[in-house]
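Single-structure report; data block below.
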Amino acid sequence: MKHKVLIVDDDPNIRLVLKGIFSGCEISEAQDGKAGLVLIQSSRPSVVLLDLKMPVMNGIDALKKIKTLSHRPLIFVLTGNDDLDTAVKALDLGACGYITKPFSPRDIKRVVFAALAEKEEQNPHPDRFWRVVGKNE
């Protein structure tokens, strides 16, 4: 089964890089949280790679809305900010990972697929997995 990955980031270059990293998956993309919410409901992705700072609706506001949806994909927050308070807030809102930019393609792929494997092994799956991929990995 091909995994569905939704990339929500206002930077077209980041979306392009992530599309390359996850090229074996079914990819959809949005440039803000509001458009991302629509795609979560219509395409029901396995994974959402969600930027924090975006126009229209930022990542934290999108996380708050995603938490209320019936479909709950694994969410990895992407950010250029490695602030601990923001990471904790993202976790509390349902993110399973906090990935700082710049990131290693190898590391982000490893972490996302490990979380997908864990989710598939568990029934029902736990509410959260916690992964941190950062500049020092």
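Sequential numbering from 1 applies to the sequence shown in the numbering used here.
Don't be surprised by glycine CBs; every beta carbon is placed ideally from N, CA and C.
Taking 8 Å as the limit between beta carbons, can you name the residues of its chain near residue i, skipping five residues before and five after?
i	result
Leu52	Asn58, Gly59, Ile60, Val77, Leu78, Thr79, Asn81, Thr86, Ala90
Helix, strand or coil: which one does DSSP assign to residue i?
i	result
Val112	helix
His3	coil
Lys65	helix
Leu52	coil
Would you mind giving the Cβ-Cβ distance between residue i and residue j, rounded to the nearest angstrom? I have them listed as a contact below 8 Å.
i	j	result
Val144	Asp32	No statement about residue 144 is possible, as the shown extent of the chain runs from 1 to 137 and does not include it.
Who pairs with residue i in a beta bridge, going by DSSP?
i	result
Ala95	Note: Ala95 sits in no beta bridge, so no partner.
Thr100	Thr79
Glu29	Ile7
Asp85	Paired residue(s): none; Asp85 is not in a bridge.
Are the beta-carbon atoms belonging to residue i and residue j less than 7 Å from one another?
i	j	result
Val38	Cys25	no
Ile21	Lys109	yes
If I measure Cβ to Cβ from residue i and keep anything under 6 Å in the same chain, skipping five residues before and after, which residues do I get?
i	result
Ile7	Arg15, Leu18, Glu29, Leu49
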